[in-house]
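Report on one structure; see the data block that follows.
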Amino acid sequence: MTELSLKAPAAVERPDAETTRARSREVFLPRGARRRTPLSALRERLRWPLGIYTTPVLILLAWEVLARAGAVSKTYAPAPTSIVRSAVELWQQGVLGPDLAISLQRAGIGLAIGLTAGIVSGVLGGLLRSGEYLFNGLVQVLNTIPLLAVLPLMIVWFGIDELTKVLLISFGAGVPMYLNLFAAIRGVDQRLIETARTTGAGTWRLVTRVLVPGALPGFLVGLRFSLAYSVLGLVAAETVNADQGLGFLITQGQTYLQTNQVFVGLVIYSLLGLLADQFVRALERVLLRWRPSYEAS
Amino acid sequence: MSSTIATQPRRQTGVVVEQVVRQFGDRVVLDHLDLTIADEELVILLGPSGCGKSTLLRLLAGLDRPDGGRVEVPARRAIVFQADRLLPWQRVLPNVTLGLHGAGAEQRARDVLAEVGLAGREKAWPKELSGGEAQRVSLARALVSEPELVLLDEPFAALDAITRLRMHDLVRALRTRHQAAMLLVTHDVDEAIALADRIVVMNNGRIGTSHEVHLTAADREASVAREELRARLLEDLGLAGQH
Numbered sequence: 030m031t032e033l034s035l036k037a038p039a040a041v042e043r044p045d046a047e048t049t050r051a052r053s054r055e056v057f058l059p060r061g062a063r064r065r066t067p068l069s070a071l072r073e074r075l076r077w078p079l080g081i082y083t084t085p086v087l088i089l090l091a092w093e094v095l096a097r098a099g100a101v102s103k104t105y106a107p108a109p110t111s112i113v114r115s116a117v118e119l120w121q122q123g124v125l126g127p128d129l130a131i132s133l134q135r136a137g138i139g140l141a142i143g144l145t146a147g148i149v150s151g152v153l154g155g156l157l158r159s160g161e162y163l164f165n166g167l168v169q170v171l172n173t174i175p176l177l178a179v180l181p182l183m184i185v186w187f188g189i190d191e192l193t194k195v196l197l198i199s200f201g202a203g204v205p206m207y208l209n210l211f212a213a214i215r216g217v218d219q220r221l222i223e224t225a226r227t228t229g230a231g232t233w234r235l236v237t238r239v240l241v242p243g244a245l246p247g248f249l250v251g252l253r254f255s256l257a258y259s260v261l262g263l264v265a266a267e268t269v270n271a272d273q274g275l276g277f278l279i280t281q282g283q284t285y286l287q288t289n290q291v292f293v294g295l296v297i298y299s300l301l302g303l304l305a306d307q308f309v310r311a312l313e314r315v316l317l318r319w320r321p322s323y324e325a326s
Numbered sequence: 168m169s170s171t172i173a174t175q176p177r178r179q180t181g182v183v184v185e186q187v188v189r190q191f192g193d194r195v196v197l198d199h200l201d202l203t204i205a206d207e208e209l210v211i212l213l214g215p216s217g218c219g220k221s222t223l224l225r226l227l228a229g230l231d232r233p234d235g236g237r238v239e240v241p242a243r244r245a246i247v248f249q250a251d252r253l254l255p256w257q258r259v260l261p262n263v264t265l266g267l268h269g270a271g272a273e274q275r276a277r278d279v280l281a282e283v284g285l286a287g288r289e290k291a292w293p294k295e296l297s298g299g300e301a302q303r304v305s306l307a308r309a310l311v312s313e314p315e316l317v318l319l320d321e322p323f324a325a326l327d328a329i330t331r332l333r334m335h336d337l338v339r340a341l342r343t344r345h346q347a348a349m350l351l352v353t354h355d356v357d358e359a360i361a362l363a364d365r366i367v368v369m370n371n372g373r374i375g376t377s378h379e380v381h382l383t384a385a386d387r388e389a390s391v392a393r394e395e396l397r398a399r400l401l402e403d404l405g406l407a408g409q410h
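Chains Y and D, in that order, give the protein sequences.
Here this note's numbering is used: the first residue of the first sequence is 30, the next is one more, and so on.
Here this note's numbering is used: the first residue of the second sequence is 168, the next is one more, and so on.
This is the structure in structure tokens:
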């Protein structure tokens, strides 16, 4: 009896509710379920075919069009094709090759020293309390000093030779590596460390199986910064005082108003940056396969 | 006092806890607690949330030190936590062999994985496992070292009811093959009755009451004795009349 009397008002109310609130529903089907017409297949393939290079390519295209139309002066911003032509010419003249080689050599040596120092101190600082006390304060201080502000001092100390340039690059690479590696090792989940200890794993196992792989994501972040800052250090070191290298190429281009040549140098610097980023991305894909991470749709 | 005579009988038993005190600031969590677990005995520690069950377990695991009293446990012990705590960057097999050394380690890990019903999943990443599977891996990780004491800290609390029943069957099956004392912490009265040789109820930082359970598997499912035990346990927990 009570059930009936309860139902009646509900039945009256129902059409009311339907009119006020549209009953929207969602249907989920397999991704491939939609009809694949040749048109949709084509659209699928054309959708973001350039990936992350979409924006750079669009900018280059616009630039080329503007330059050809004469909207931007050749002295200020020569067309991309003309920059490529200059690069080829410089290479054929035998200027670009040796300059690039000497720059890469500086970056390589600087990175090797900086990364070694950063990784060794970062590992010691992360694993040992005494290591933290030894390095942390020092690196935190160094971190607040701008890279470019150290340059004059380094020139006074080490002259204008290779040593200054290499040290500037290693300074740029070492500091972010230490900071990220230290934070990464200290950030490894305490519960996992505890669990590993209870299974009877010794210190070596703990370091190699838990701490090192656990710190890997942070290490790769550090590597990304290190590579970027080393390119920055390279530019700074070479632009100020050099008689060969990419920076010298740019300074020379500026002096003789060879804007093309300046752009060639800039393009190579940016390509180095891009290459470094792609390198770290590839490392992440291989080393961090275990990580369930967000993939934007 | 001749200490040799005092320690001699203790070697026979799995766990001896004497007058243990543990406090955090002013809050006394364990207040002169005594507990003994015999070899191959499965003791279930029952108690309301926050009564110090996990604190006691951490003391037994050696993850924490008492502020007073004495804890004696076998050196070969393993612990299973509520969360699986698998290393996400290692596949299943290296997760199980984490604390193992020697040539036969891998084969032993494979055998134990087969025992918990995960043969063929050695190469899976932890992120690919379901909750029940992950917890079985952590059970395998605990058992692979042939421990004399297994500590389980609400190991099935995060699992669904059906998976939990399967895990209970698994624990019973594993007990026939592995000779070890077990201490399982839970707040689930039914889980306690399903598995225990003895149920101890914790109250105010001490072991309040202790119930030996001598029931057959069928009686643990449904019987008058089971209902009586359940009622007494609820009473011990201060929940009498509410269920």
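Even for Gly, the Cβ is constructed at its ideal location relative to N, Cα and C.
Buried or exposed: which applies to residue i, given that a residue is buried once 16 or more other Cβ atoms fall within 10 Å of its Cβ?
i: L58 (chain Y); result: exposed
i: N262 (chain D); result: buried
i: N371 (chain D); result: exposed
i: T383 (chain D); result: exposed
i: I112 (chain Y); result: buried
i: L400 (chain D); result: buried
i: K220 (chain D); result: buried
i: Y162 (chain Y); result: exposed
i: H410 (chain D); result: Confidence is the limiting factor: at H410 (chain D) the pLDDT is only 48, short of 50, which leaves the residue's position unreliable and the question unanswerable from this model.
i: K103 (chain Y); result: exposed
i: N172 (chain Y); result: exposed
i: S358 (chain D); result: In the sequence as presented, Ser is not what sits at residue 358 (chain D); that position holds Glu. The residue in question, E358 (chain D), is buried, as its Cβ has 16 or more Cβ neighbours within 10 Å.
i: A244 (chain Y); result: buried
i: A40 (chain Y); result: Unreliable placement is indicated for A40 (chain Y), whose pLDDT of 46 sits below 50; the coordinate value is still reported in the next sentence. Counting Cβ neighbours within 10 Å, A40 (chain Y) comes out exposed, since fewer than 16 surround it.
i: R320 (chain Y); result: exposed
i: F308 (chain Y); result: exposed
Do the CB positions of residue i and residue j come within less than 8 Å of each other?
i: S132 (chain Y); j: E267 (chain Y); result: yes
i: R220 (chain Y); j: R252 (chain D); result: yes
i: Q123 (chain D); j: A363 (chain D); result: In the structure displayed, chain D extends from 168 to 410; residue 123 (chain D) sits before or after that span and is not available.
i: A146 (chain Y); j: G203 (chain Y); result: yes
i: L156 (chain Y); j: S255 (chain Y); result: no
i: A245 (chain D); j: V195 (chain D); result: no
i: I198 (chain Y); j: G262 (chain Y); result: yes
i: Q273 (chain Y); j: P127 (chain Y); result: yes
i: E295 (chain D); j: L260 (chain D); result: no
i: L213 (chain D); j: E223 (chain Y); result: no
i: A291 (chain D); j: R243 (chain D); result: no
i: A98 (chain Y); j: A106 (chain Y); result: no
i: I374 (chain D); j: V367 (chain D); result: yes
i: A347 (chain D); j: P314 (chain D); result: yes
i: I279 (chain Y); j: L129 (chain Y); result: no
Whole-angstrom Cβ separation of residue i and residue j, contact assumed at under 8 Å?
i: D403 (chain D); j: V352 (chain D); result: Incorrect: roughly 16 Å between the Cβ atoms, too far for contact.
i: H199 (chain D); j: Q190 (chain D); result: About 11 Å separates the two Cβ atoms, so there is no contact after all.
i: G266 (chain D); j: A311 (chain Y); result: Incorrect: roughly 33 Å between the Cβ atoms, too far for contact.
i: T222 (chain D); j: L202 (chain D); result: Their Cβ separation, rounded to whole angstroms, is 13 Å, which puts T222 (chain D) and L202 (chain D) out of contact at 8 Å.
i: L226 (chain D); j: V210 (chain D); result: Contact doesn't hold; Cβ gap of about 15 Å is too wide.
i: P293 (chain D); j: P241 (chain D); result: Rounded, the Cβ-Cβ distance is 28 Å, inconsistent with contact.
i: G299 (chain D); j: M334 (chain D); result: 7 Å
i: P246 (chain Y); j: L317 (chain Y); result: 6 Å
i: L176 (chain Y); j: G201 (chain Y); result: 5 Å
i: L310 (chain D); j: L337 (chain D); result: That pair is no contact at about 11 Å.
i: A108 (chain Y); j: W92 (chain Y); result: 7 Å
i: L280 (chain D); j: A307 (chain D); result: 5 Å
i: R339 (chain D); j: I360 (chain D); result: Contact doesn't hold; Cβ gap of about 13 Å is too wide.
Name the one or two DSSP bridge partners that residue i has.
i: R226 (chain Y); result: Paired residues: none, contrary to the question.
i: R194 (chain D); result: D:F191
i: I148 (chain Y); result: I148 (chain Y) is not bridged to any residue.
i: I204 (chain D); result: D:V182
i: I211 (chain D); result: D:L351 and D:I366
Examine the ligand FAD and report whether any of its heavy atoms sits within less than 7 Å of the Cβ of residue i.
i: A225 (chain Y); result: No copy of the ligand FAD appears in this structure; indeed no ligand is present at all.
Check your understanding: Enumerated in chain order, which unbroken segments of the alpha helix (DSSP H) with a length of 4 residues or greater are wholly contained in the stretch 215-272 of chain D?
Key -> 220-228 and 259-263
Review point. Counting only runs that start and end within the stretch 99-142 of chain Y, where is the alpha helix (DSSP H) found for 4 or more residues in a row?
Key: 109-121
Point to revise | Continuous beta strand (DSSP E) assignments of at least 3 residues falling wholly in the stretch 347-374 of chain D | key: 348-353 and 365-370
Point to revise | 3 or more residues per run - each beta strand (DSSP E) lying fully within the stretch 308-334 of chain D | key: 316-320
Check your understanding: Which parts of the stretch 372-401 of chain D are runs of the beta strand (DSSP E), unbroken and 3 residues or longer, counting only runs that do not cross its ends?
Key -> 373-379
Review point. Where in the stretch 53-95 of chain Y do unbroken runs of the alpha helix (DSSP H), each at least 4 residues long, occur, reported from the N-terminal end onward?
Key: 67-75
Check your understanding: What are the start and end residues of each continuous alpha helix (DSSP H) run of 4 or more residues lying completely inside the stretch 203-260 of chain Y, in chain order?
Key -> 219-227
Review point. Taking the runs of the alpha helix (DSSP H) that are 4 residues or longer, which of them lie wholly in the stretch 152-183 of chain Y?
Key: 158-173
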